[in-house]
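Input: a single structure, listed below in structure tokens.
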Amino acid sequence: MAEQHRKTTLDSGWVAARSTEVKFTGTQLTTTHPPTGPTSPWMEALVPATVLATLVKNKVVPDPFYGLQNEHIVDIADSGRDYYTFWFFTTFNCKLSSNEHCDLNFRGINYSADVYLNGHEIILPKGMFRRHSIDVTDIVHADGTNLLAVLVHPPDHPGRIPPTGGQGGDHEIGKDVATQYVEGWDWMAPIRDRNTGIWDEVSISVTGPVKIIDPHLVSTFSDDYKKAYLHTTIELQNKSSRTAECSLSVQVTLEPEDSIFLV
Amino acid sequence: EHLQTQNLSVPANSRVQYTFPELIFSKPNLWWPNGMGKQSLYNVVISIDVKGFGESDSWSHHFGFRKIESHIDNATGGRLFKVNGEPIFIRGGNWILSDGLLRFSKKRYSTDIKFHADMNFNMIRCWGGGLAERPEFYHYCDYYGLLVWQEFWITGDVDGRGDPVSNPDGPLDHDLFLFCARDTVKLLRNHPSLALWVGGNEQIPPADINAALKYDLRLHPHFESKDENSKPVGDVS
Chain A
1 MAEQHRKTTL DSGWVAARST EVKFTGTQLT TTHPPTGPTS PWMEALVPAT
51 VLATLVKNKV VPDPFYGLQN EHIVDIADSG RDYYTFWFFT TFNCKLSSNE
101 HCDLNFRGIN YSADVYLNGH EIILPKGMFR RHSIDVTDIV HADGTNLLAV
151 LVHPPDHPGR IPPTGGQGGD HEIGKDVATQ YVEGWDWMAP IRDRNTGIWD
201 EVSISVTGPV KIIDPHLVST FSDDYKKAYL HTTIELQNKS SRTAECSLSV
251 QVTLEPEDSI FLV
Chain B
264 EHLQTQNLSV PANSRVQYTF PELIFSKPNL WWPNGMGKQS LYNVVISIDV
314 KGFGESDSWS HHFGFRKIES HIDNATGGRL FKVNGEPIFI RGGNWILSDG
364 LLRFSKKRYS TDIKFHADMN FNMIRCWGGG LAERPEFYHY CDYYGLLVWQ
414 EFWITGDVDG RGDPVSNPDG PLDHDLFLFC ARDTVKLLRN HPSLALWVGG
464 NEQIPPADIN AALKYDLRLH PHFESKDENS KPVGDVS
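Here the protein sequences line up with chains A and B, keeping their order. Here the working numbering is used: position 174 in the first sequence is 174, and no number is missing along the way. Here the working numbering is used: position 123 in the second sequence is 386, and no number is missing along the way.
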């Protein structure tokens with residue numbers, strides 16, 4: 001019986017460094033020259049979160065939410081995009097049996113990224129509000145440590161904050177598909193890195209030959225809500241080179257309310 | 264309570280879409296917004312076994328049986344909502360995000376959203392200049408009964424109605440915008456609290472984007488009006 005499929009979230013043990021301070025390529029970082037830990041220029045990183053969150057955590061910049069400290073953090077318009085283009089690095093293990101498949105998943109990256117895994121490069125397309133799922137079955141070391149480096153680039157149009165501030169600064173950020181408040185609003189000071197970063201969950205998922213993708217659940221009713229119908233549509237991906245004879249199940253159980261526990 | 268198993272073949276190196284025959288529930292526990300009843304949630308588990316391998320994958324999600332309708336009320340010009348056929352007086356608040364450096368946590372979501380429920384709110388509006396909120400945000404809205412009005416990433420100030428007027432045609436890459444919108448819908452669409460997708464804040468998206476969103480988000484004809492006696496049949500497309 002194959003091991004149960006499984007998902008592992010990668011939310012610890014990350015380090016980060018400014019791209020301009022790292023002398024190695026992504027291929028070298030994930031083969032011959034991996035960072036040895038949070039030693040300069042590398043620092044402990046917060047993932048998921050933003051570049052600025054990592055800089056605040058390491059006290060490289062003051063916390064922008066106290067007093068006028070945001071004024072002491074250089075804005076991307078003045079520093080240039082490279083200043084907030086950061087490497088993020090971590091390692092993970094992933095045991096794979098025969099006929100198992102492994103995906104590397106990013107649920108949100110702002111704004112684009114180049115991924116390196118064990119020396120292999122994968123360029124992720126732009127867009128803050130999109131998921132990325134990469135089949136890394138042929139790249140992972142099934143019985144050892146895997147080296148993952150992600151070079152994260154800021155939005156293409158970070159814009160410049162006019163001296164008068166204003167809603168959305170000079171509105172340049174609106175040319176990208178990204179959150180717009182980051183140039184500042186009447187209730188909010190500008191965010192200096194425009195929320196660049198691996199801002200949502202990173203995970204490794206292992207499945208057998210067939211993978212379930214994006215199920216869609218819809219309910220319809222009749223008899224004045226006394227009867228309900230649950231419509232379930234899914235996508236299935238067979239990654240193997242043979243037809244898969246499958247048994248597909250959907251099971252629905254009522255979640256016990258707070259005071260009731262199933263024994 | 265409800266278990267259904269279907270057998271099917273999936274060709275090598277392929278991707279197929281499959282629809283189960285519908286599951287029928289008599290007198291289901293309905294999901295209601297805060298203040299109108301319980302937020303009954305069911306746990307839906309989908310799993311797939313492959314012959315000669317065993318369990319290949321599984322997926323689970325909390326699901327609430329509810330019907331949410333809304334339309335512009337001619338008398339008031341406002342949007343009138345109904346849940347499970349009952350009109351509801353919307354009491355809601357604006358939401359941008361819980362942290363400007365995107366350091367999100369389940370604990371923070373739970374606290375913030377319970378706070379809204381304790382304030383006797385029944386809706387949260389996710390503003391178009393912020394984010395498409397995350398599954399963890401929606402999980403707690405499901406749990407505490409906060410309906411969600413989720414805007415896409417267009418605002419009047421930045422897209423054509425600001426001073427100076429800028430980006431009258433929205434973002435440069437409309438295909439990218441629609442790709443992100445579709446992927447976001449797939450990420451969030453199973454949450455019972457999701458009540459309304461909205462093109463943007465104080466602005467209608469560019470015509471091509473707006474038309475595509477309206478088309479993609481229309482109620483699929485399959486669900487328009489189910490004939491109770493329709494023969495349940497699996498459908499692989």
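Positions of the beta carbon are idealized from the N, C-alpha and C atoms, including for glycine. Please read all numbers here as calculations on a predicted model, not as lab measurements.
Would residue i pass as a contact of residue j if the rule is Cβ separation under 8 Å?
i        : j        : result
Asn385/B : Gly355/B : yes
Asp436/B : Val182/A : no
Ile198/A : Val150/A : yes
Gly159/A : Met128/A : no
Asn357/B : Trp390/B : yes
Pro469/B : Asp432/B : yes
Arg278/B : Gln69/A  : no
Asn297/B : Tyr225/A : no
Asn110/A : Arg131/A : no
Thr196/A : Tyr83/A  : no
Thr30/A  : Leu148/A : yes
Ala16/A  : Ala45/A  : yes
What residue range is occupied by the uninterrupted beta strand (DSSP E) comprising residue i?
i        : result
Pro215/A : 210-222
His101/A : 101-106
Asn473/B : Taken as a continuous stretch (DSSP letters only), Asn473/B belongs to no beta strand (DSSP E), being part of the alpha helix (DSSP H) at 470-479.
Ser40/A  : Run containing Ser40/A: none; DSSP gives neither H nor E here.
Ala149/A : 145-153
Thr282/B : 277-282
DSSP three-state label for residue i, please.
i        : result
Ser319/B : strand
Thr20/A  : helix
Leu364/B : coil
Val51/A  : helix
Gly13/A  : coil
Gln167/A : coil
Thr32/A  : coil
Cys389/B : strand
Gln69/A  : helix
Lys283/A : Because chain A is modelled from 1 through 263, residue 283/A falls outside the range shown and cannot be assessed.
Lys7/A   : strand
Ile376/B : helix
Gly197/A : strand
Pro256/A : coil
Based on Cα-Cα distance, which residue from the options lies nearest to residue i?
i        : options                                : result
Glu349/B : His485/B, Gly425/B, Leu482/B, Leu293/B : Leu293/B
Ile161/A : Ile191/A, Thr36/A, Gln237/A, Asp223/A  : Ile191/A
Gly315/B : Glu245/A, Ile76/A, Thr253/A            : Glu245/A
Pro434/B : Gly184/A, Pro163/A, Thr164/A, His157/A : His157/A
Ala380/B : Ile353/B, Asp420/B, Asp446/B, Gly363/B : Ile353/B
Pro38/A  : Glu71/A, Trp87/A, Val61/A              : Trp87/A
Pro155/A : Ser241/A, Asp135/A, Gln180/A           : Gln180/A
Leu439/B : Ala475/B, Pro455/B, Gln413/B, Gln466/B : Ala475/B
Ser368/B : Tyr407/B, Asp479/B, Glu399/B, Phe378/B : Glu399/B
Leu364/B : Val74/A, Ser12/A, Thr54/A              : Thr54/A
Asp320/B : Thr207/A, Leu254/A, Phe221/A           : Thr207/A
Trp14/A  : Thr25/A, Thr36/A, Val47/A, Pro125/A    : Val47/A
Shorter than 8 Å from the beta carbon of residue i to some beta carbon of chain B?
i        : result
Cys246/A : yes
Ala53/A  : yes
Phe106/A : no
Gly184/A : no
Leu254/A : yes
Ala17/A  : no
Gln28/A  : no
Asn93/A  : no
Phe88/A  : no
Gly67/A  : no
Leu265/A : Outside the shown range of chain A, which is 1 to 263, sits residue 265/A, and nothing can be said about it.
Glu21/A  : no
Arg6/A   : no
Pro163/A : no
Met1/A   : With a pLDDT of only 33 at Met1/A, under 50, the local geometry of the prediction cannot be trusted, and no value is derived from it.
So is residue i in contact with chain A if we call contact Cβ pairs under 8 Å?
i        : result
Leu410/B : no
Asn492/B : Low confidence applies here, because Asn492/B scores a pLDDT of 39, under 50, leaving its location unreliable and the question unanswered by this model.
Val346/B : no
Thr447/B : yes
Val496/B : Caution applies to Val496/B, whose pLDDT of 43 falls short of 50 and renders its modelled position unreliable; the value that the coordinates give is listed next. No, its Cβ sits nowhere closer than 8 Å to a Cβ of chain A.
Lys290/B : yes
Ile467/B : no
So residue i is in the alpha helix (DSSP H); what residue range does that whole segment cover?
i        : result
Val448/B : 437-451
Ala228/A : From DSSP, Ala228/A is part of no alpha helix (DSSP H) but of the beta strand (DSSP E) over 227-238.
Cys94/A  : From DSSP, Cys94/A is part of no alpha helix (DSSP H); its letter is neither H nor E.
Pro398/B : 398-407
Ile134/A : Element bounds for Ile134/A: not the alpha helix (DSSP H) but the beta strand (DSSP E), 132-135.
Asp78/A  : 76-79
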